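Trainee:
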Amino acid sequence: MKSQAQAVVIGGGVVGASVLYHLTEAGWTDVVLLERRHLTAGSTWHAAGGMHTINGDPNVAALQRYTVQLYQDLEKRSGESCGIHLTGEVMLADDTDRLDWLRMTHARGRYLGMETEMITPSEAKELIPFMEEQHFVGALWDPVGGHVDPTGVTKAYAAAARMAGAEVEQNTWVHTIERCKDGTWDLVTDKGTINCEHFVNCGGLWAREVGRMCGLELPILAMEHMYFLTEPIPEIAPWLEATGGHGYGAIDFGGEIYLRVEGEGLLLGTYEQACVPWSVKETPWSFADELLTPDLERIAPSLELGFEHFPIYADAGIQTVVNGPFTFAPDGNPIIGPIRGQPGHWVACGVMAGLSQGGGVGLSMANWMTTGDPGFDIWGMDVARFGDWTTPSYTRTKVMENYRRRFQISFPNEELPAGRPLHTSPIHGRLSDANAVWSASYGLEAALWFQVAGEEPVEEVTFHRSNAFPVVAEEVRAVREGVGLIETTGFAKHQFAGPGARAFLDGVMANRIPAPGRMALTPMLNHQGRLIGDFTVATLADPFDGTERFLVFGSGAAEGYHERWFRSHLPGLRSVSYRPLGHELTGLSIAGPKARDVLASLTDDDVSNEAFRFLDIRHLDLAMTDTLVGRITFTGDLGFEFWVPASLQVRLFDLLMEAGEAHGIRPFGLRALDSMRFDKDFGAWTTEYRPIYTPDEAGMGRFVKPDKGEFIGRDEVLVEREQGPQRRLCAFTLDDALAIDVLGDEPIWHGGEVVGWVTSGGYAHWSRASCALGYVPVAIADATDFEIEVLGVRRRATRRNDPMFDATGSRMRG
Ligand SMILES: Cc1cc2nc3c(=O)[nH]c(=O)nc-3n(C[C@H](O)[C@H](O)[C@H](O)COP(=O)(O)OP(=O)(O)OC[C@H]3O[C@@H](n4cnc5c(N)ncnc54)[C@H](O)[C@@H]3O)c2cc1C
Numbered sequence: 070m071k072s073q074a075q076a077v078v079i080g081g082g083v084v085g086a087s088v089l090y091h092l093t094e095a096g097w098t099d100v101v102l103l104e105r106r107h108l109t110a111g112s113t114w115h116a117a118g119g120m121h122t123i124n125g126d127p128n129v130a131a132l133q134r135y136t137v138q139l140y141q142d143l144e145k146r147s148g149e150s151c152g153i154h155l156t157g158e159v160m161l162a163d164d165t166d167r168l169d170w171l172r173m174t175h176a177r178g179r180y181l182g183m184e185t186e187m188i189t190p191s192e193a194k195e196l197i198p199f200m201e202e203q204h205f206v207g208a209l210w211d212p213v214g215g216h217v218d219p220t221g222v223t224k225a226y227a228a229a230a231r232m233a234g235a236e237v238e239q240n241t242w243v244h245t246i247e248r249c250k251d252g253t254w255d256l257v258t259d260k261g262t263i264n265c266e267h268f269v270n271c272g273g274l275w276a277r278e279v280g281r282m283c284g285l286e287l288p289i290l291a292m293e294h295m296y297f298l299t300e301p302i303p304e305i306a307p308w309l310e311a312t313g314g315h316g317y318g319a320i321d322f323g324g325e326i327y328l329r330v331e332g333e334g335l336l337l338g339t340y341e342q343a344c345v346p347w348s349v350k351e352t353p354w355s356f357a358d359e360l361l362t363p364d365l366e367r368i369a370p371s372l373e374l375g376f377e378h379f380p381i382y383a384d385a386g387i388q389t390v391v392n393g394p395f396t397f398a399p400d401g402n403p404i405i406g407p408i409r410g411q412p413g414h415w416v417a418c419g420v421m422a423g424l425s426q427g428g429g430v431g432l433s434m435a436n437w438m439t440t441g442d443p444g445f446d447i448w449g450m451d452v453a454r455f456g457d458w459t460t461p462s463y464t465r466t467k468v469m470e471n472y473r474r475r476f477q478i479s480f481p482n483e484e485l486p487a488g489r490p491l492h493t494s495p496i497h498g499r500l501s502d503a504n505a506v507w508s509a510s511y512g513l514e515a516a517l518w519f520q521v522a523g524e525e526p527v528e529e530v531t532f533h534r535s536n537a538f539p540v541v542a543e544e545v546r547a548v549r550e551g552v553g554l555i556e557t558t559g560f561a562k563h564q565f566a567g568p569g570a571r572a573f574l575d576g577v578m579a580n581r582i583p584a585p586g587r588m589a590l591t592p593m594l595n596h597q598g599r600l601i602g603d604f605t606v607a608t609l610a611d612p613f614d615g616t617e618r619f620l621v622f623g624s625g626a627a628e629g630y631h632e633r634w635f636r637s638h639l640p641g642l643r644s645v646s647y648r649p650l651g652h653e654l655t656g657l658s659i660a661g662p663k664a665r666d667v668l669a670s671l672t673d674d675d676v677s678n679e680a681f682r683f684l685d686i687r688h689l690d691l692a693m694t695d696t697l698v699g700r701i702t703f704t705g706d707l708g709f710e711f712w713v714p715a716s717l718q719v720r721l722f723d724l725l726m727e728a729g730e731a732h733g734i735r736p737f738g739l740r741a742l743d744s745m746r747f748d749k750d751f752g753a754w755t756t757e758y759r760p761i762y763t764p765d766e767a768g769m770g771r772f773v774k775p776d777k778g779e780f781i782g783r784d785e786v787l788v789e790r791e792q793g794p795q796r797r798l799c800a801f802t803l804d805d806a807l808a809i810d811v812l813g814d815e816p817i818w819h820g821g822e823v824v825g826w827v828t829s830g831g832y833a834h835w836s837r838a839s840c841a842l843g844y845v846p847v848a849i850a851d852a853t854d855f856e857i858e859v860l861g862v863r864r865r866a867t868r869r870n871d872p873m874f875d876a877t878g879s880r881m882r883g
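In structure tokens:
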């Protein structure tokens, strides 16, 4: 074994082998894979080998499609058979909700170039002749699906990587990881030590244990999973003959089963409700090439329904039952990327569908490691989406919930209940008393809307307008006509101080850092000039010595993502002290034309328009409550944000509600806030603003100031400005005849072609319009006549130039 390498991959399952291969493809050849036993010795060897392109997140779906399409090329390069059976798959819906989900998936796939097709139950029966058609209402046909040989695929990745110069060391166990003084890493194995600049934890079933070697508790857990193979079934041979020797795969969402041909029999797997985690505390290092004891009793309820839908199984003899463990993250998506605060430490684990996702994971990881950017929109897989609230018991609760829901549809307005409430702000009880309907983001409970008194605070889950619709309309009206109050504790608050803080922020933010007492909106860009954040930077000065402190407000869900970026760019000399403030600084905001009257009634200070301008921020004494008050709001109205330590939030809430009573103050939630941002065409992080867009594409160009001097991404912005952006974020109003709103990721049509995609949308209650925001190519962005496909129906969508509410901004600024 070498004693030194540029990068070391720990783990020779399908994921580690793919990362190794893709690193060599990206040009890194001084790379080594270390495997404790032999390739595939974890969960890979006993996988059923199924591969699907469908995923609730279209960006993950695109990477799954890449994986499936990679195998033929991989076979050619490596000379190893991957056992590819590209059969195509039928996804069956047994009720209208599941059919809506399939329609949404089908529409979303269009702009990714997926060639799925909606088919009727009788068309599905032509493909799967042994299904009982009467149980189904429709289906989605995906020609890009099938199964492969997991061992063949792993060996093929490793062989191709070796050909390019990589080394694969089997029977080599990494048992200790040490950080060296020069920032490199020593991986200590039973065969000696290897030093490297980068290492990737692809430990699969042992990824938790590898993480713990570096003091990290990764939010993953293995679950037992069963599938069985039947004895040969007489009907299968003729079916194989009629389908070119392969049959077709199927997923029955109602029956919670997947099935396909295996030999002259069938394979059937299920995600049972009575699921069982495996090795909850620690995966034994002695485990390898082993299966677990099957327990058919446990999967009997799923089988009962499955047998009803596919009676052919009921009479077939069971030949083999496979029960094996594999790992999941709390939301079921992989966990990949660099580890915050540990440069050179990367993870690619929690990959629950290694044969569908391994290729895309390997490609993104290799891009990321070699260029600093994953090259795709991998937000849904980024390890940074989880924060410190993911304790092992939280992970267990969520992983079990996710496993049980593997084949259940997720509704766009659905809030999953397991592991909640976890973090709550001090006013949680007050808002619950006001009948709040709750969601959770980055571990913290946040109010979505406030159900009318006497009614259950529950939102019905649907692809259509829910019972929240009329209530949210009232919340919006209260804000636009008077004043409303919303909690803002969920925003991320990054605090910077020290002599180098201003220069640091100036170097990472694209806009100018404001003078003391002022706020500025600013994008943050990566080295490719793409958007990795949109923030409000507030500059605060010490009244005694003028020392500056900065509060950088951003998306709460991206707190860990941004913390990772800030930490990796902080200067080494400790001239900047940085701390995310988490939930210790709590927030409230009031908005609406009466907001100033409410504030004025609580303070002796002058808060008139002239004395307290838009984007001013200062401390005010609000009836004995020292509060940091900023004149800003995301509603696009007159408004203020209030920041206090958690210990003062209840008092401040009561003060504001009392002072607001005379003006009809009403609490409002995130649904109303969203509705009001569509009045104004405001984009938001994770939807309109993501690392695949540039600020000029996203309409944020005015906040980027290349003339201020150097900052990350400046040169790339200048290059783009010379060439012009490729696409543009546009605002649309949809024809509302069907009273359904976009859900996000729908295709945008123009001239009979799909030209772009929706990023988000919904009903703007104040403007009484169904709205969407989305990207289209610049060449056609001046057109006004588009269509957006919502749940299978193409609806007229008129592109607008101006926001529907307060286009001049006089309410916000005046
Ligand atoms: C019954 C069953 C059916 C499945 N069916 C499918 C399917 O149809 N389609 C699909 O896509 N997926 C399926 N899966 C899931 C699939 O098996 C996993 O997604 C995949 O195996 C994950 O691969 P991995 O490389 O991340 O992990 P593993 O396969 O667990 O690989 C990790 C490797 O790392 C090595 N390692 C760990 N720690 C160290 C260390 N410290 N030093 C050196 N080496 C180390 C281990 O020995 C192991 O070989 C199934 C799983 C099961 C159990």
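So in this note's numbering, spot 43 of the sequence shown is number 112, and the numbers just go up one at a time.
Backbone N, C-alpha and C define an ideal beta-carbon position, used for all residues, glycine too.
All values reported here derive from a predicted model rather than from experimental measurement.
Would the beta-carbon of Gly375 fall within 8 Å of that of Ile302?
Mentor: For Gly375 and Ile302, no; Cβs fall outside 8 Å.
Trainee: Whose C-beta lies closer than 7 Å to the C-beta of Leu360 among residues of the same chain, with five residues either side of it excluded?
Mentor: Within the same chain, Leu360 has close Cβ partners His115, Val391, Asn392 and Gly393.
Trainee: Take Thr616 and list the residues in its own chain whose beta-carbon comes closer than 8 Å to its own, dropping the five residues that flank it on each side.
Mentor: These residues qualify, in order along the chain: Ala566 and Ala610.
Trainee: Cβ atoms of Gln426 and Leu721: under 8 Å apart, would you say?
Mentor: The answer is no: Cβ separation not under 8 Å.
Trainee: Hey, Arg409 and Arg633: beta-carbon distance below 8 Å or not?
Mentor: It is a contact, given that the beta carbons lie within the stated cut-off.
Trainee: I'd like to confirm something about Ser425: is its beta-carbon nearer than 7 Å to some heavy atom of ligand 1, or not?
Mentor: Yes.
Trainee: State buried or exposed for Trp754, treating a residue as buried only when at least 16 other CB atoms are found within 10 Å of its CB.
Mentor: Answer is buried; the Cβ neighbour count reaches 16.
Trainee: Would you say the beta carbon of Ser112 is closer than 7 Å to some non-hydrogen atom of ligand 2?
Mentor: Ligand 2 is not part of the structure shown, which contains ligand 1 as its ligands.
Trainee: Quick test of the definition: if touching needs 3 or more C-beta pairs under 8 Å, does the segment 70–85 touch the segment 222–230?
Mentor: Touching, yes, given that three or more Cβ pairs across the two stretches are closer than 8 Å.
Trainee: So Thr352 packs on Ala291, CB below 8 Å; how close in whole Å?
Mentor: Yes, they are in contact, since the Cβ atoms of Thr352 and Ala291 sit about 7 Å apart, within 8 Å.
Trainee: Using the C-alpha atoms, what's the distance from Arg682 back to Phe560?
Mentor: Whole-angstrom Cα-Cα distance: 22 Å.
Trainee: To the nearest whole angstrom, what separates the beta carbons of Gly272 and Glu266, a pair I think is in contact under 8 Å?
Mentor: About 19 Å separates the two Cβ atoms, so there is no contact after all.
Trainee: Taking the alpha helix (DSSP H) that Tyr90 belongs to, which residues open and close that run?
Mentor: Where Tyr90 is concerned, the enclosing alpha helix (DSSP H) stretches over Val83 to Glu94.
Trainee: Residues in the same chain with beta-carbon distance under 7 Å from Ser87, minus the five sequence neighbours each way, listed in chain order, please.
Mentor: Here the set comprises Tyr226, Gly427, Gly428, Val430 and Gly431.
Trainee: So for Met873, helix, strand or coil by DSSP?
Mentor: It is coil, neither helix nor strand.
Trainee: Between Ala228 and the rest of its own chain, which residues show a CB-CB distance below 6 Å, the 5 nearest in sequence each way excluded?
Mentor: Answer for Ala228: Ser147 and Glu149, listed in chain order.
Trainee: At what residues does the beta strand (DSSP E) containing Thr828 begin and finish?
Mentor: Counting along the chain, the beta strand (DSSP E) containing Thr828 begins and ends at Glu822 to Ala833.
Trainee: Taking DSSP as the reference, what is the three-state secondary structure of Leu742?
Mentor: Here Leu742 sits in helix by DSSP.
Trainee: For Ala503 and Phe519, what's the separation of their Cα atoms in angstroms?
Mentor: Spanning the two alpha carbons is a distance of roughly 7 Å.
Trainee: From which residue to which residue does the alpha helix (DSSP H) around Ser433 run?
Mentor: Gly423 to Thr440 is the span of the alpha helix (DSSP H), which, as asked, contains Ser433.
Trainee: Once DSSP output is grouped into helix, strand and coil, what is the label at Glu373?
Mentor: Correct three-state label for Glu373: helix.
Trainee: Are there any heavy atoms of ligand 1 lying less than 7 Å away from the beta-carbon of Tyr296, as far as the coordinates show?
Mentor: Result yes, Cβ under 7 Å from ligand 1.
Trainee: Suppose only complete runs of 3+ residues qualify. What are the beta strand (DSSP E) ranges in the segment 518–579, listed by chain order?
Mentor: Entirely contained in the segment 518–579, the beta strand (DSSP E) runs reaching 3 residues are, in chain order, 553–556 and 561–566.
Trainee: Tell me whether Leu274 counts as near ligand 1, meaning its Cβ is closer than 7 Å to at least one heavy atom of that ligand.
Mentor: Yes, ligand 1 has a heavy atom inside 7 Å of this Cβ.
Trainee: Give the straight-line distance between the Cα atoms of Gly119 and Phe395, rounded to the nearest whole angstrom.
Mentor: Taking the straight line from one Cα to the other gives about 14 Å.
Trainee: I want to check one thing, is the minimum distance from the CB of Arg105 to the heavy atoms of ligand 1 below 7 Å?
Mentor: Because some heavy atom of ligand 1 lies under 7 Å away, the Cβ of Arg105 counts as near it: yes.
Trainee: Which residues in the same chain have their Cβ closer than 6 Å to the Cβ of Asp784, if we skip the five residues on either side of it in sequence?
Mentor: Hits under 6 Å: none found.
Trainee: Taking a contact to mean a Cβ-Cβ separation below 8 Å, would you say Val577 touches His638 in this structure?
Mentor: Yes, they are a contact pair.
Trainee: Just to confirm the assignment, what range does the alpha helix (DSSP H) spanning Tyr180 have?
Mentor: Careful: Tyr180 lies outside any alpha helix (DSSP H) and carries neither H nor E.
Trainee: List the whole-angstrom C-beta distance separating His414 from Phe268, where the pair is believed to meet the contact cut-off of C-beta under 8 Å.
Mentor: Their Cβ separation, rounded to whole angstroms, is 7 Å, which keeps His414 and Phe268 in contact under 8 Å.
Trainee: Tell me, which residues are paired with Gly118 by DSSP?
Mentor: Answer is none; Gly118 lacks a bridge partner.
Trainee: Ligand 1 heavy atoms versus the CB of Pro353: any closer than 7 Å?
Mentor: It does not: the Cβ of Pro353 is nowhere closer than 7 Å to a heavy atom of ligand 1.
Trainee: Measure the Cβ-Cβ separation of Met469 and Ile405 and say whether it is below 8 Å.
Mentor: No, the pair does not count as a contact, with Cβ atoms beyond the cut-off.
Trainee: How do the segment 682–700 and the segment 640–649 stand: do at least 3 beta-carbon pairs fall below 8 Å, yes or no?
Mentor: No, because fewer than three Cβ pairs between the segment 682–700 and the segment 640–649 fall closer than 8 Å, the two stretches do not touch.
Trainee: Measure from the alpha carbon of Leu337 to the alpha carbon of each residue in Tyr296, Ser355, Leu365 and Gly752, then state which is nearest.
Mentor: If we check each option's Cα against that of Leu337, Tyr296 comes out closest.
Trainee: When you compare only the Cα positions, how much space is there between Gly152 and Val521?
Mentor: About 58 Å.
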